[in-house]
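Residue 1225 in my numbering sits at position 57 of the sequence shown; the count goes up by one each step and never skips.
Working notes, structure below.
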Amino acid sequence: MSAGQANGGSAGGADRPSHVTTHVLDTARGCPAAGVPVELVGPDGTPLARAMTDADGRVPDLGPRTLAPGAYRLVFDVATYAATSGQDVFFHRVTVDIAVTDATGHLHVPLLLSPFGYTTYRGS
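Listed below in structure tokens is the structure:
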């Protein structure tokens, strides 16, 4: 069972990822950000899945394989990661609102972290 499954993700593994995946990199240290709690929240505010980034900073299995079109939210608990990595950070939580327009597509949302900022984008 993957970390995503144990925390609300779905089964199926890497051969067919969940509708939304993410990858978190610590740009200050130049390495993956392992151990970042991530939550996927639905349009009505209900948490759909929770997982933690793996040793490579990835969450390949976060929630269902398909999502209905709508506005969703990814919440990254940066404070937990900062505490375990011994860093001070300005942003304790990063919230990324995303639009799902294709119920069958795949959305990859990377997050690049530094102590005083972050960058996110739609990946592939």
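By construction, the Cβ of each residue, glycine as well, lies at the ideal position given by its N, Cα and C atoms.
Relative to the C-alpha of threonine 1366, which candidate in Ala1271, Thr1248, Gly1273 and Ile1266 has its C-alpha closest?
The question about residue 1366 has no answer, for the chain in this structure spans 1169 to 1292.
Beta bridge counterpart(s) of arginine 1218 as assigned by DSSP
To locate residue 1218, count along the sequence shown from 1; it is residue 50. Answer is Glu1207.
Out of curiosity, what's the CA-to-CA distance linking glycine 1291 and proline 1200?
For the purposes of this step, residue 1291 is taken as residue 123 along the sequence shown, with counting starting at 1. For the purposes of this step, residue 1200 is taken as residue 32 along the sequence shown, with counting starting at 1. Using only the alpha carbons, I get a separation of about 16 angstroms.
Reference glycine 1210; option with closest CA among Asp1194, Ala1239, Arg1233 and Ala1219:
The residue you call residue 1210 lines up with position 42 of the sequence shown. When only C-alpha atoms are compared, the closest one is Ala1239.
Leaving out the 5 sequence neighbours to the left and right, which residues in its chain are closer than 7 angstroms to phenylalanine 1284 when beta-carbon positions are compared?
Translated into the one-based positions of the sequence shown, residue 1284 becomes position 116. Excluding sequence neighbours, phenylalanine 1284 sits near Phe1258.
According to the neighbour-count rule (16 or more other Cβ atoms, all chains shown, within 10 Å of its Cβ), is glycine 1254 buried or exposed?
Counting from 1 along the sequence shown, the entry for residue 1254 is found at position 86. Glycine 1254 should be labelled exposed.
Please report the distance separating the alpha-carbon of proline 1278 from that of valine 1262.
Mapped onto the sequence shown, residue 1278 falls at position 110. Mapped onto the sequence shown, residue 1262 falls at position 94. Approximately 12 angstroms, taken between the alpha carbons.
Would you mind stating whether threonine 1214 and glycine 1203 have Cβ atoms separated by less than 8 angstroms?
Along the sequence shown, one-based indexing puts residue 1214 at 46. Along the sequence shown, one-based indexing puts residue 1203 at 35. Judged by beta-carbon spacing, glycine 1203 lies beyond the 8 angstroms limit of threonine 1214, meaning their Cβ atoms are not closer than that value.
Taking threonine 1252 as part of the alpha helix (DSSP H), name the residues at either end of that continuous run.
On the sequence shown, position 84 is the one that residue 1252 refers to. Taken as a continuous stretch (DSSP letters only), the alpha helix (DSSP H) holding threonine 1252 covers 1246–1253.
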